[in-house]
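In this note's numbering, the protein residues as written are -6 to 792.
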């Protein structure tokens, strides 16, 4: 069915292309200084009467530019950076030669130095834009560092969320990166922050994007390469935690005539130390498990993007990405059992464990974009292939000692899972502007297959050391098909009112098969996901906006995998093949006045799946798994204020507070309700006149709060970054101290089956980082990037 659908979409695209390639005229000209010297790399933009960008070009080494447009009235503007150098109204009835346009660019750009300053944070009707290239704290780091200081985004222990929400999807240049939390973090660490132009935060994503993810999207926009130019960036970073971590990276971008190429590679090797302490208060004693472990890793990421402009209207291209990982974890969990009255050790478990993983990712995208006319109408076709493979091997062994009377037993086991996930998808988008609105509509078909071959052996407690490991085998298969269509419209009612509405329909068919149980489960459902925005701008400095969206949260392929991993004879971690998707409604009211943004929000999450430690008070056994058992409402307010009264100091400050009410559908799990709040401040300070020496001070504090069945403790982090730029600012040296006071520790507690449990985790967040990067070629880069089609599926893969 997918092949037939893709064929039909391709035919439709070809027919539309053939019908539209006519009635366009060329607009040419030359930009020079008062001495008639050509000015290259200035941006020439053609606007329609509705102030929409029709086409843009960059002047070449001769100062020439070429634009194309249909018959009509337009405004032509020439600019350098944020400075407008020239503007003229033109009438297009035939090919038009504007001749020589003389601009005194030197004196004009001096004015930029005096008055021009790009905003650190910009706000639009459906998103907030954080200009990373203006942020000191993220310089010399990676994409994770940049997200950490992005307003409205929260990064803790490499988990990325939008403040006041619980999950999100991450995009790179409009392409959603479909990986698990751990694999996503590894991938983002391979992207240097120096290559990032801006980060867009969508709290209410338009209908064009997948309905998955209950709290929105984060879109990382990379810097572009200029026409007829090239750019390269090389760099290296060393991080000292308890153990060391080093990486080298390189990016190369090239744009000549009709061909555009961008590529990048990053290699990282290091060791991470993690501390995990768990407490379970059973009737016969306190079970305390200390699980410190080392994580050794090697990560190699490479990507190649090729774009070819067949004509001024027609672009084709491909994007390829390979990610190879080699990970090994070693741990030695120790579990003493304490008597409540005497605090003496009754018994203990002592284990040695080893985990080896080699997750590999391959992705290929083929795209075809055709501009129908000069008013912004275009058709985009994406065909995508994505594969994730991971051979995961877990082994453990240990002893169990009872002190009085003394006895000794042994245990051992192995849990292996060879996981292979493949996704194929096709996506067609049409942007179509009319006089009264800007419209977009399209569709997508997707097929995902996950195959898990599981081999395992677990001895339980035995009297003699375990020497034989007879393995049992199971196979778990998961198939998912999704068909989606959407419609979206934007209308600028007048100079003060703007509205946007979208509706997306997704039909899903899933099938799971567990070979050992010989059990097949099917699930079919179709759902509608509306989005709506309304904004009112009474003055230039103030805006009111109201938005609503409905979203879906699908379980990851890893969470559906029934593989059981034994930590010791009394603790396991396992997936749940019967998980169902959750649905979320979001409502937001935002008021912006100059540099202050106030947001009031409400969300309701239905049938959420959460990890739950199910404790058996009789056997003292704890099974960690995921269940659909939480319904949650959340009402909150957030404030964000940018202080930039001084040229040498920019301060971004945020505060969020919400009240969450959770209800559990499991009688033995106690859900929590209460307040959650967080404050943060990020301060960029320029230390010298030429701005080559800069400082960033960053601090955040999360108060005690609740999350489902958990009560979470408070934590905070303080970081300081110093950046020094040399060689005309092409060479950057950055030194950062993160979590200086070692206060970023995750703590919490829950009650399940009447058993009180609490935990304390530390993820090695205190470190010193030294980064060096050097830029070559043209600094103003512009390489074409495109949105792929299998956006949601990739985020649900992994181990």
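Beta carbons: idealized from backbone N, C-alpha and C, even for Gly.
- With the rule of 3 Cβ pairs closer than 8 Å, the stretch 264 to 282 counts as touching the stretch 325 to 341.
- Judged by beta-carbon spacing, residue 703 lies beyond the 7 Å limit of residue 658, meaning their Cβ atoms are not closer than that value.
- Beta-bridge annotation (DSSP): residue 544 is paired with 577.
- The alpha carbon of residue 320 has as its nearest neighbour, out of 351, 766 and 298, the alpha carbon of 351.
- The three-state secondary structure of residue 196, taken from DSSP, is coil.
- With fewer than 16 other beta carbons inside 10 angstroms of its own, residue 761 counts as exposed.
- Taking 7 Å as the cut-off, the Cβ atoms of residue 392 and residue 340 do not count as close.
- Pairing residue 423 with residue 434 gives a Cβ-Cβ distance under 7 Å.
- Pairing residue 732 with residue 266 gives a Cβ-Cβ distance that is not under 7 Å.
- Inside the stretch 348 to 401, DSSP marks whole beta strand (DSSP E) runs of 3 or more residues at positions 353 to 364 and 371 to 395, from first to last along the chain.
- The beta carbon of residue 763 sits closer than 6 Å to those of 231 and 728, all from its chain and outside the five residues before and after it, given in chain order.
- For residue 464, the secondary structure class from DSSP, reduced to helix, strand or coil, is coil.
- Cβ-Cβ distances below 8 Å link residue 656 to 623, 624, 625 and 664 in the same chain, with the five nearest sequence neighbours on each side left out; the list follows chain order.
- In the DSSP annotation of this structure, the continuous segment of the beta strand (DSSP E) that includes residue 620 starts and ends at 614 to 639.
- Only exposed fits residue 399, as fewer than 16 other CB atoms lie within 10 angstroms of its CB.
- One thing to note: residue 671 has its Cβ no nearer than 7 Å to the Cβ of residue 200.
- The Cβ atoms of residue 60 and residue 71 lie no closer than 7 Å to each other.
- Under a 10 Å Cβ-count criterion, residue 518 is classified as exposed, with fewer than 16 other Cβ atoms of the shown protein chains found around its own Cβ.
- Annotated three-state conformation of residue 344 is strand, per DSSP.
- In the three-state scheme derived from DSSP, where H, G and I count as helix and E and B as strand, residue 33 is classed as coil.
- Judged by DSSP in its simplified three-state form, residue 125 adopts helix.
- Runs of the beta strand (DSSP E) lying entirely within the stretch 248 to 289 and spanning at least 3 residues, in chain order: 252 to 275 and 278 to 283.
- A check of alpha carbon separations from residue 57 across 641, 401 and 24 identifies 24 as the nearest.
- The distance from the Cβ of residue 47 to that of residue 140 is about 34 Å, inconsistent with a contact at the 8 Å cut-off.
- Under the three-state reduction of DSSP, residue 138 is assigned to helix.
- In the displayed model, residue 608 falls within a strand according to three-state DSSP.
- The Cβ-Cβ distance between residue 737 and residue 695 does not fall below 7 Å.
- As computed with DSSP, residue 66 is found in a beta bridge with 84.
- For residue 661, there is no enclosing alpha helix (DSSP H), since its DSSP letter is neither H nor E.
- Around residue 184, the same chain offers 135 and 136 as residues with beta carbons nearer than 7 Å, after the five sequence neighbours per side are excluded.
- A direct Cα-Cα distance of roughly 35 Å separates residue 346 from residue 296.
- Only residues of its own chain outside the window of five on either side were considered, and among them 671, 672, 673, 674, 709 and 710 have a CB closer than 8 Å to the CB of residue 693, listed in chain order.
- The Cβ atoms of residue 38 and residue 64 do not sit closer than 7 Å to each other.
- Segment contact: the stretch 178 to 198 against the stretch 522 to 542, three or more CB-CB distances shorter than 8 Å; contact assigned.
- In the DSSP assignment, residue 552 falls within the alpha helix (DSSP H) that extends over 550 to 553.
- Residue 401 and residue 390 have their C-alpha atoms roughly 14 Å apart.
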